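Numbering of the first sequence is given in full-length UniProt numbering, commencing with residue 1 and proceeding in unit increments.
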Amino acid sequence: MSEKPVDKIAGIINDHIFENYKKNITIIWNKPPSSNLGDVSFPLFSIAKNVGEKIEVIGQSLKSKIENQEVVEKVELKGGFLNIFFNRNYFSDKVLKNVVKAEKYGKSTVESSKRVIIEHTSSNPNGPLHIGNFRGSVVGDLLARLYKMSGAAVNVRYYVNDLGRQIAPVVIGYKLLKKNNIAPDTKIDLWIGKIYATMNTLLDIQEIKKEIQTKTGKYHINDDLKYKIEPNDKEEIENLLMSSELDEKTKEILLKRTKKLFSVQKALSSKIPDLFNLLRKLTEKEVSDLSSLTQEYIEEYLKGENKQIVSEYRELTEKALSGHIETLSRFNIFHDDFDRESDIAWSGEVKEILQKLETKQWLRHDGRARLLKNDEIATALRYKEKYNIKHEIPDLILVNSEGIPLYPCRDIAYHLHKLEKFNANLCINVIGKQQQSLQLGVRLALYALNRSDIADKIIHFDYEYVTLVGRKMAGRELEYVTPDELYSLAKEEVYKFLNERDYSEEEKSNIANIVSAASVKISIAKIDPNKAVMFDVKKATDLNENSGPFLLYSFTRAKNIIIKAKEESIPIEDIINNCETVEISIVKDEEWNLIKLIEELPMIYKRAINTKRPDTIVNFSFELCKAFNKFYDNCPVISENDEKVRKTRILIVQSTIKALESLFEVLGIDSLEKM
RNA sequence: GACCCUGUAGCUCAGUAGGAUAGAGCACCUGCCUCCUAAGCAGGGGGUCGACGGUUCGAAUCCGCCCAGGGUCGCCA
1 MSEKPVDKIA GIINDHIFEN YKKNITIIWN KPPSSNLGDV SFPLFSIAKN VGEKIEVIGQ
61 SLKSKIENQE VVEKVELKGG FLNIFFNRNY FSDKVLKNVV KAEKYGKSTV ESSKRVIIEH
121 TSSNPNGPLH IGNFRGSVVG DLLARLYKMS GAAVNVRYYV NDLGRQIAPV VIGYKLLKKN
181 NIAPDTKIDL WIGKIYATMN TLLDIQEIKK EIQTKTGKYH INDDLKYKIE PNDKEEIENL
241 LMSSELDEKT KEILLKRTKK LFSVQKALSS KIPDLFNLLR KLTEKEVSDL SSLTQEYIEE
301 YLKGENKQIV SEYRELTEKA LSGHIETLSR FNIFHDDFDR ESDIAWSGEV KEILQKLETK
361 QWLRHDGRAR LLKNDEIATA LRYKEKYNIK HEIPDLILVN SEGIPLYPCR DIAYHLHKLE
421 KFNANLCINV IGKQQQSLQL GVRLALYALN RSDIADKIIH FDYEYVTLVG RKMAGRELEY
481 VTPDELYSLA KEEVYKFLNE RDYSEEEKSN IANIVSAASV KISIAKIDPN KAVMFDVKKA
541 TDLNENSGPF LLYSFTRAKN IIIKAKEESI PIEDIINNCE TVEISIVKDE EWNLIKLIEE
601 LPMIYKRAIN TKRPDTIVNF SFELCKAFNK FYDNCPVISE NDEKVRKTRI LIVQSTIKAL
661 ESLFEVLGID SLEKM
C-alpha cells in the first residue's frame, strides 16, 4: 500500500482543519479498546479545543469528509471519538496482494542513509559467556538485524578486553596445564573459566597471606600452603588479627577478605576438586611467587614486546574467544570484526591522546595519576546543555598512580578509529548499565579532544544485568548460568515432544537445535533491556512458558497448509503468482484481525528502531502468531467450498508466512516446516 | 549524600509522543483432536497499575514528594 489508510485519514483531517480554521495540528490516532468500536479512532477533544469548536460539530463535518473514502466502510461518532471502520475487502485486497508480491516483506530503505556500528558482547576472554553478557549479545544482534532490515549498512564488532588484570593468572594457569599435558575435559571457554576462578583465588590467597605477614610481622606462611587456606590457617589468622595492633578498619577488611576467600576456596574445591587441587599443586611446585609473576605478565603484555608472553596471552584469549563464537553461532549471532584492546595499547594512540589532553586545561595531575575534569568539560563545551544534564559529573581516571594508562584511554582511541574506519554516522555500544558513567566519560574525553562530532554519534545502549533466583552470579565462584547450559536443557525438553513423533533421528536433531536456540534466545529477547531480570532456569527452559517454540509452531502450521493444499492439487503457485486476479472476500473476524496485524509490521520495525526497543518485535511476533492460530482454528482453507473465500485465505496464509519470515530474520531464528 | 534504572494479576512480563472497559503467558479450574500438526483453540476466577499530592475533559502513562529493590559514584573493566 503506497499510503497507510490511517495516515491518509489523518491527512484528510489535517487538511480539513487547515482549510476551515487555518491551524496546523498534529493528529493522533489509536486503536479502540474493542474491535466493535472500530478499527481505528481519532480522539476529538484536543482538536475541538484547539479550533474552538464543539466536538459534535467538528466530528460531524469530519465524518462526512471521511466516510466517502473508498477504504472506509463507516464512521461513527461516539463519546468524543471519531471511530473508523475500514472496508475489509478493500483494505485486505491492498494489504494481501502487496505482501504476497513483496520479495521480502518489511524490508525497507527507511534507514538507508545510516552507516551503523553495533558493538556487542565484548565479554572478557577469560571464561564462557553467561546469561548476563549474553543478554547484550541478543539485544545487539536484534538491533543489527533490525537496522539491516531497514536498509542501513551495519558493522557488528566485538571488543576483546584482553588486557584485564585478571587475565594474567589465567594465562599462567593455562600454561602450567599445557606444560603438564593436561587437556581440557570440556568446552574450551568453560574450562578456561575454571582456570580463571582457580588461579585468581590462589593469587588472592597468596596476597592476603603476604599482606597479613607484613602487617602483623608474626604470621609465618608454610611454603607448602602458600596458595591454600586450611581451617587452622583461618583460625590463626583470625586470632592474630584480633590481637594485633592494627586499626579496627584494617582488621575488619582483612578478616572479611579471609573469610570470603575461605568460602570461595571451599566452593571451588567442591565444584572442581580435581582441577583446583592440580592447579594448586602445580603452582606451588613451579611458581615461586604467583603475585609477582602475575604483575610481570600484566606489565609485559601491556608493553607487548615479550614475544613469549604475547603468544601465551594470544593463545589463551583466542581459545576463549573461539568458545564465545561457537556459542553465539548456535543462536545465529555473528560479528564482522574483532578488535583487541592490546592492539590499541601497542599502537601508540594512547600516548598521543594523553599528550593532546596534557595541553588542555581539563587534565588534572595527582602524583603520577591523570584525571579528566569531566564536569568542567561538560559545562564549557555545552555538553550539559545539549543533553540536558543538571547534575555534577565525576572525574574520569585515565592513568593510575603508578603511571599506567587505564581502560578508558584505550576506549577513547578505539572510538576514534572505529567510527572513521567504517565511516559510521551512528555507533551503538551495547554495554551493561554498570558502565554508564565510564561511557559518558569517554564521550566527554572526545569532546575535550575536539571530537564532539564523533562523540555525538555514539550511543551507549545500556542494558540491565541478570541475576539468578536466590543467588548472585559470580565468575570467581563459578556461579553462573551459561547460554550453552540453557540450550542443552531446552533441548532435553524438546526431545520429550519429539520422542512422541515419528520423525527420523536426523529430523529430530535438526528440530531440537532450532527450537532450543529459538526458545533461549526469545526468552531473553522478549524482556525490555531496561529491566533487571531474575533469571529462573526452569522457566527459561519450560517450552510452554516461552514464546519461541510458539512462534516456530505457528509458522509450521502455516507452511503445512500450503503443503497440504498442494497435495490436494490446489494450484497454490498459480494463485499466488496471479494474486491480482483474486477477488478478496473477508468473511470472518479472525481473518480481519490477522490482516490488520500483518499490515502493521513495517510500522513496528520503524517504531522499534526509533525507540531502540528490539523487544517489541518479539511481542509483536507473538501477537501475530496468536491471531494466526485463531484464524487457523476458525477458518479452514483447504476444505472451504466458496472459491473466493478459499483463495483469499490462501493469500492470508501466504502473507502470514511472509510476515513471519521477515520477523524471524530480524529475530535471527530459523524456521521449520515440521515440528 | 548525588545520579541512573525498576515497581502493573499468585509468578514472569506487555502496555508510557495522556484516551474509551488496564492486557498476554505460566500456574489453577472447565471444555475442544472422525476436522489443514492439541508445542494449539474456546471459556472462568484473579488488579486500590508501590503510596500520596498536582496538572485536565481524561493519568498506569506527564510533574512533585515519599517508600521499596538494583546499579554507579578516584586509580578493576
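Cβ atoms here follow ideal geometry from the backbone N, Cα and C, with glycine treated the same way.
Since the model is a prediction, treat every value here as computed from it, not as a measurement.
Buried or exposed (CB count within 10 angstroms, at least 16 for buried), residue i
i	result
F334	exposed
I28	exposed
A378	buried
F45	exposed
K226	buried
M534	exposed
Distance between residue j and residue i (C-alpha atoms, nearest Å)
i	j	result
A390	K384	Just to set this straight, residue 390 is Lys in the shown sequence, not Ala. Their Cα atoms are separated by approximately 7 Å.
A512	V494	6 Å
residue 676	E349	The requested residue 676 is not part of the displayed model; the chain covers only 1 to 675.
T201	L663	46 Å
M1	K22	Bear in mind that a pLDDT of 46 at M1, under 50, signals an unreliable position, so the number given afterwards is only what the model happens to contain. C-alpha separation (whole angstroms): 30 Å.
Y158	K596	39 Å
E477	V264	6 Å
S671	Y465	29 Å
W346	V160	14 Å
I514	I669	7 Å
G11	Q60	17 Å
T556	E673	5 Å
D7	R314	56 Å
E3	I192	56 Å
T359	A369	16 Å
K319	I325	10 Å
K285	P128	28 Å
T214	E238	15 Å
N560	L261	58 Å
V645	S64	32 Å
V587	D633	15 Å
D339	N332	20 Å
As assigned by DSSP and simplified to three states, the class of residue i
i	result
P43	strand
I397	strand
H460	strand
K405	The sequence shown places Pro at residue 405, not Lys. The answer is strand: DSSP assigns P405 an E or B state.
F86	strand
R330	helix
H365	strand
T72	Note that residue 72 is Val in the sequence shown, not Thr. Three-state DSSP puts V72 in a strand.
R115	strand
Y297	helix
Y158	strand
D337	strand
residue 676	Within the shown structure, residues of the chain are numbered from 1 to 675, placing residue 676 beyond reach of any answer.
M675	coil
V170	helix
V350	helix
L594	helix
M1	Reliability fails at M1, whose pLDDT of 46 lies under 50, so the model's placement of it is uncertain and no value is given.
Option in the options with minimal Cα separation from residue i
i	options	result
T327	K148, P483 and N50	P483
I454	Q434, K418 and I431	K418
L290	N124, V537 and V171	V171
D542	K107, N619 and Y487	Y487
N544	I353, F497 and I570	F497
N155	D336, D462 and S523	D336
N126	F86, D189, N98 and G38	D189
A627	A659, R646 and S112	A659
G367	E392, F86, I393 and E402	E402
Y605	I617, D39 and E599	I617
V637	M603, S34 and I562	I562
I522	L96, L667, E640 and T250	L667
L316	Y174, F535 and L552	Y174
I393	R443, N425 and N400	R443
residue 725	S547, I527 and E299	Any property of residue 725 remains undetermined from this structure, which presents the chain solely from 1 to 675.
Could you tell me which whole alpha helix (DSSP H) segments of length 4 or greater appear in the segment 413–495? Here the runs fully enclosed are 436–448 and 452–455.
Only counting runs of 4 or more residues, tell me where the alpha helix (DSSP H) segments fall wholly within the segment 118–156, in order along the chain. Those alpha helix (DSSP H) runs which fall completely within the segment 118–156 and span 4+ residues are 131–149.
Could you pull out every unbroken alpha helix (DSSP H) segment of at least 4 residues lying fully inside the segment 259–310, listed in chain order? Counting only runs of at least 4 residues, the segment 259–310 fully encloses the following alpha helix (DSSP H) elements, listed from N- to C-terminal order: 273–286 and 290–303.
Tell me the start and end of each unbroken beta strand (DSSP E) in the segment 548–585 that is at least 3 residues and wholly inside, in chain order. The segment 548–585 contains no complete beta strand (DSSP E) run of 3 or more residues.
Unbroken beta strand (DSSP E) runs of length 3 or more, entirely within the segment 168–224: which are they? Complete beta strand (DSSP E) runs here, min 3: none at all.
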